[in-house]
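Protein chains in written order, with our numbering: chain A, 47 to 332; chain B, 231 to 355.
The beta carbon of each residue, even a glycine, is placed where N, CA and C say it ideally should be.
For clarity, every value in this text was computed on a predicted model and none was experimentally measured.
Okay, so here's the structure we're looking at.
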Amino acid sequence: MDNILEIKDLTKSYKNFTLDNLAFNIPRGSVMGFIGPNGSGKSTTIKLIMNLIKRDSGDINVFGLDNLKHNKEIKQKIGFVYDENYFYEELNIMEMRNILRPFYKNWDDNVFEQYIKDFELPKKNKIKSFSKGMKIKLSLALALCHNAELIIMDEPTSGLDPVFRSELLDILYNIIQDDNVSILFSTHITTDLEKIADYITFINKGKLVFTKTKDEIVENYGLVKGSKELLDNDTRQEFISIKESNFGFEALTKDIIKARNIFKDNCIIEKASLEDIMVYTVRGNV
Amino acid sequence: MNIIISNSSQDPIYEQIVIQIKTSIMKDEVSQGDALPSIRGLAKELRISVITTKRAYEELERDGFIETVPGKGSYVSGQNKDLIREKRLTAIEDKLTEVTTESKLLNLSLEELQSMLALLYTETN
């Protein structure tokens, strides 16, 4: 399988934050969920991929090409959906389109019109009158109408209601019916990814925690809940972190089968969600 | 054909798909040569990842239940020996149940029935 994005030893230092030797790949035709708490380095990574900021060291290859040397070619085939609004608010959709269209060789007006129709966006109203959901839809329409093979979305669902998020999921499923297209989806709302993502890359404080297939994560991580008498120096070793209260403990393991063997019927053992994994990994023992 | 995915089940999602498609094939809800949804289409319908449906189809293919023609799609396979054997075994079991019920009505002991079967088995050979 060829990789549409390859990141190797990527490092970028700021005064109070370092993105430290980050590495992960996105195979062609797959959806990569990029998760981590606020300030973990997700947006920094995306800005580095988009060549909006300068890396200190490391490699980023997009479509097999170095992203600095082939900046222009690469961007022709990337669709970018950003969390914040980058439109000229006083313009309407068609005026905005006229500004962006000349930048893309493969711009397709028919596809754009179709998306505007599907997304039920008003053509004549000024963009500043749009809701957040409508702006995201406009971003998507603009990102999808020039034959992009990599769709990068930075927190597209933050601040949006569950109904819109479900609708967005449908849109994304339609996009990936084309097996040439890959999606990099950064979010801290992990439930959106639990369904569609093929792979999950998890970063925390600028460091990679893991990059794996989602199935591997869902099948192996588990939440163990039980009485505190079961915790001793040996059993504690089995957990990534443990949350203790007056009434018992809850802990995250990355080997649910082993945990079932150790604790048998003495504990409640459930599958861990991506949210559980993120919270337990980031917070540590509480 | 119905496929129902449970998120609270201990079985991985790909396995749930495999079992349900196999059951549908066994029950003749889908028959030989029938087209299955595409890997990406099924992922969309079930709202799961493409990698999961792909894994399910690979498993079904390995077990001979489906065949995938590159560029065309996946179909219910025709010549699965295990599957056919399985089906015929079920048919034999049904017939034997019938025989057992009938024998019990006639107060025939298991030994008598077994010797009858042994005789018939060697004769037809």
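Which term fits residue i, buried or exposed, when burial requires 16 or more other beta carbons within 10 angstroms of its beta carbon?
i	result
isoleucine 318 of chain B	One point to set straight first is that residue 318 of chain B is arginine, not isoleucine, in the sequence displayed. Classification of arginine 318 of chain B: exposed, given that the 10 Å Cβ count is below 16.
serine 189 of chain A	What sits at residue 189 of chain A in the sequence shown is alanine, not serine. Alanine 189 of chain A should be labelled buried.
tyrosine 132 of chain A	exposed
proline 202 of chain A	buried
arginine 101 of chain A	buried
isoleucine 314 of chain A	exposed
lysine 163 of chain A	exposed
glycine 79 of chain A	buried
lysine 302 of chain B	exposed
aspartate 129 of chain A	buried
aspartate 238 of chain A	buried
arginine 315 of chain B	exposed
serine 96 of chain A	Note on identity: in this sequence residue 96 of chain A is methionine, with serine being the wrong assignment. Per the 10 Å Cβ criterion, buried.
serine 232 of chain A	buried
valine 209 of chain A	exposed
arginine 143 of chain A	buried
arginine 285 of chain B	buried
phenylalanine 149 of chain A	exposed
glutamine 246 of chain B	buried
asparagine 113 of chain A	buried
Considering residue i, what are the terminal residues of the alpha helix (DSSP H) in which it resides?
i	result
asparagine 220 of chain A	208 to 221
valine 157 of chain A	155 to 164
threonine 236 of chain A	Counting along the chain, threonine 236 of chain A falls outside any alpha helix (DSSP H), and DSSP gives it neither H nor E.
valine 260 of chain B	From DSSP, valine 260 of chain B is part of no alpha helix (DSSP H); its letter is neither H nor E.
Based on DSSP bridge pairs, tell me the residues matched to residue i.
i	result
lysine 174 of chain A	Paired residues: none, contrary to the question.
serine 59 of chain A	A:Thr64
isoleucine 198 of chain A	A:Phe126 and A:Leu230
alanine 265 of chain B	B:Tyr305
glutamate 9 of chain A	Since the first and last residues shown for chain A are 47 and 332, residue 9 of chain A lies out of range.
asparagine 138 of chain A	A:Lys172
Helix, strand or coil for residue i, going by three-state DSSP, please let me know.
i	result
valine 108 of chain A	strand
glycine 125 of chain A	strand
phenylalanine 231 of chain A	strand
methionine 78 of chain A	strand
leucine 98 of chain A	coil
proline 73 of chain A	strand
asparagine 232 of chain B	coil
asparagine 237 of chain B	coil
phenylalanine 309 of chain A	helix
aspartate 322 of chain A	helix
valine 332 of chain A	coil
serine 204 of chain A	coil
glycine 87 of chain A	coil
leucine 167 of chain A	coil
asparagine 337 of chain B	coil
phenylalanine 133 of chain A	coil
asparagine 117 of chain A	helix
leucine 152 of chain A	Sequence check: residue 152 of chain A is asparagine here, not leucine. The answer is coil: DSSP assigns asparagine 152 of chain A none of H, G, I, E or B.
asparagine 144 of chain A	helix
aspartate 225 of chain A	coil
Could you spell out where the beta strand (DSSP E) holding residue i opens and where it closes?
i	result
tyrosine 245 of chain A	245 to 250
glutamate 316 of chain A	314 to 317
Going along chain D, which residues have a C-beta under 9 Å from residue i?
i	result
aspartate 322 of chain A	The structure shown contains no chain D; its protein chains are A and B.
*For the region 269 to 308 of chain B, which segments carrying the beta strand (DSSP E) assignment without a break, of at least 3 residues, lie completely within its bounds, in sequence order?*
For the region 269 to 308 of chain B, whole beta strand (DSSP E) runs of length 3 or above, ordered along the chain, are 296 to 299 and 303 to 306.
_Entirely enclosed alpha helix (DSSP H) segments - the region 240 to 305 of chain A, minimum 4 residues_ = Runs found: 260 to 266 and 279 to 282.
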